[in-house]
Amino acid sequence: MIVLALAVGIGVGLVVGALGAGGGILSVPVFVYLLGQDAHTAAASSLVVVGTTAAVSLPHHARSGGVQWRRGALFAVVSVIGSVLGSRASVLVPAGVLMALFSALLAAAGTVMLRKGWRARRESPAPANAPGAGRGPATVIAAALCAGFLTGFLGVGGGFVVVPMLVLVLELDMRRAAGTSLLIMVITSLSGLLARVGTGIQIDWGLTLAFAASSMVGGLLGGPLSTGAKPWVLTSVFGALLLVVSIVVAVSTLSGFMT
Numbered sequence: 009m010i011v012l013a014l015a016v017g018i019g020v021g022l023v024v025g026a027l028g029a030g031g032g033i034l035s036v037p038v039f040v041y042l043l044g045q046d047a048h049t050a051a052a053s054s055l056v057v058v059g060t061t062a063a064v065s066l067p068h069h070a071r072s073g074g075v076q077w078r079r080g081a082l083f084a085v086v087s088v089i090g091s092v093l094g095s096r097a098s099v100l101v102p103a104g105v106l107m108a109l110f111s112a113l114l115a116a117a118g119t120v121m122l123r124k125g126w127r128a129r130r131e132s133p134a135p136a137n138a139p140g141a142g143r144g145p146a147t148v149i150a151a152a153l154c155a156g157f158l159t160g161f162l163g164v165g166g167g168f169v170v171v172p173m174l175v176l177v178l179e180l181d182m183r184r185a186a187g188t189s190l191l192i193m194v195i196t197s198l199s200g201l202l203a204r205v206g207t208g209i210q211i212d213w214g215l216t217l218a219f220a221a222s223s224m225v226g227g228l229l230g231g232p233l234s235t236g237a238k239p240w241v242l243t244s245v246f247g248a249l250l251l252v253v254s255i256v257v258a259v260s261t262l263s264g265f266m267t
């Protein structure tokens with residue numbers, strides 16, 4: 009099991025380091041379907057993996073000016089409230105329903121990212137924009153609460169929700185959005201994990217830390233990839249990966265309901 013966690017963790021870390029998203033989306037199915045954990049334990053374990061991987065990936069993006077510290081910290085602090093609510097709500101939902109919702113969100117996020125990637129390929133590349141003033145505080149708070157709730161409820165770092173919201177709400181370009189998302193992922197993953205204290209969930213720390221260590225190595229390698237590859241390529245590949253994982257999760261969940 010530990011050898012499998014080490015092998016898969018590098019791939020998860022590469023995605024997180026390169027895109028500032030995707031750690032929880034990929035690690036939850038791995039914990040459930042490859043490592044044999046139930047959905048609630050997998051959600052908690054994935055928060056450890058996502059938080060640590062984002063933490064080691066953050067410095068590379070910060071050195072290249074890709075992190076909006078003040079905006080990211082504000083977004084993260086507000087989203088912590090939603091994360092706590094989502095974490096508490098997740099233990100009230102049957103594991104099968106939790107995974108079905110997870111699959112639906114994967115499919116939606118994958119479709120959006122594929123469309124964005126192909127659209128960006130056809131368009132002329134625009135220069136990176138300076139951080140905008142963003143929209144009103146009510147919109148920022150609503151977006152942060154929504155992202156935080158999904159982070160806590162599904163046990164994901166929230167990057168697949170946070171990155172589009174940073175672009176739309178805070179008007180950051182994709183490079184800054186990816187870097188800032190890592191900062192938010194560190195904070196919200198930690199809060200989601202702490203909120204699970206006392207819920208009776210038992211994390212397999214040996215397995216989880218092995219997964220996290222391998223993922224952190226991948227995160228260190230993934231950061232430079234984000235500056236070398238064309239953004240539309242990374243976006244399209246990630247979108248396709250989300251759709252594949254969504255199908256796998258859906259088939260596995262339906263099989264569980266039928267047996």
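According to my numbering, the sequence shown is numbered sequentially starting from 9.
A virtual CB, placed ideally from N, CA and C, is assigned to each residue, including glycine.
With 16 other Cβ atoms within 10 Å as the buried cut-off, status of residue i
i	result
Met193	buried
Gly206	exposed
Gln76	buried
Ser263	exposed
Lys124	buried
Gln210	exposed
Ala112	exposed
Val57	buried
Arg127	exposed
Pro269	Absent from the structure is residue 269, since the part of the chain shown begins at 9 and ends at 267.
Met224	buried
Val38	buried
Ala136	For Ala136, the predicted model reports a pLDDT of 48, less than 50, meaning its position is unreliable and no value from the coordinates is stated.
Val253	buried
Leu191	buried
Leu250	buried
Leu22	buried
Gly140	Caution is warranted here: a pLDDT of 48 is assigned to Gly140, below 50, making its placement in the model unreliable, and the coordinate value is therefore given only provisionally. Exposed.
Arg198	Reading the sequence as shown, one finds Leu at residue 198 and not Arg. Burial call: buried.
Gly214	exposed
Ala237	exposed
Gly208	exposed
Ala50	buried
Ser95	buried
Val170	buried
Leu100	exposed
Ala138	Reliability fails at Ala138, whose pLDDT of 48 lies under 50, so the model's placement of it is uncertain and the value that follows must be treated cautiously. Exposed: under 16 other Cβ atoms inside 10 Å.
Val105	exposed
Ala152	buried
Ala15	exposed
Ala155	buried
Ala84	buried
Ala146	exposed
Val20	buried
Rounded distance between the beta-carbons of residue j and residue i, thought under 8 angstroms
i	j	result
Leu201	Ala97	With a Cβ gap of about 16 angstroms, Leu201 and Ala97 do not count as contacting.
Ala117	Phe157	Rounded, the Cβ-Cβ distance is 15 angstroms, inconsistent with contact.
Val256	Met107	Rounded, the Cβ-Cβ distance is 11 angstroms, inconsistent with contact.
Ile10	Ala218	5 angstroms
Ser91	Ala203	7 angstroms
Leu242	Ser65	14 angstroms between Cβ atoms; not a contact.
Gly187	His69	3 angstroms
Trp240	Arg129	4 angstroms
Ile18	Ser222	5 angstroms
Ala62	Gly31	7 angstroms
Thr196	Val88	6 angstroms
Leu162	Phe110	6 angstroms
Ala268	Ala103	Coverage of the chain is limited to positions 9 through 267, which leaves residue 268 absent and any answer about it impossible.
The ligand PLP heavy atom lying under 6 angstroms from the CB of residue i
i	result
Ala203	With respect to small molecules bound, the structure shown includes none, and the ligand PLP cannot be examined in it.
| In the stretch 26 to 102, which residue ranges form an unbroken alpha helix (DSSP H) of at least 4 residues, counting only runs that do not cross its ends? | 31 to 37, 47 to 71 and 77 to 98
| So, do the stretch 230 to 242 and the stretch 15 to 31 have three or more beta carbon pairs nearer to each other than 8 angstroms? | yes
| Enumerated in chain order, which unbroken segments of the beta strand (DSSP E) with a length of 3 residues or greater are wholly contained in the stretch 167 to 207? | none
| field | the stretch 35 to 47 touching the stretch 174 to 190, judged by at least three CB pairs closer than 8 angstroms | value | no
| How do the stretch 176 to 187 and the stretch 64 to 79 stand: do at least 3 beta-carbon pairs fall below 8 angstroms, yes or no? | yes
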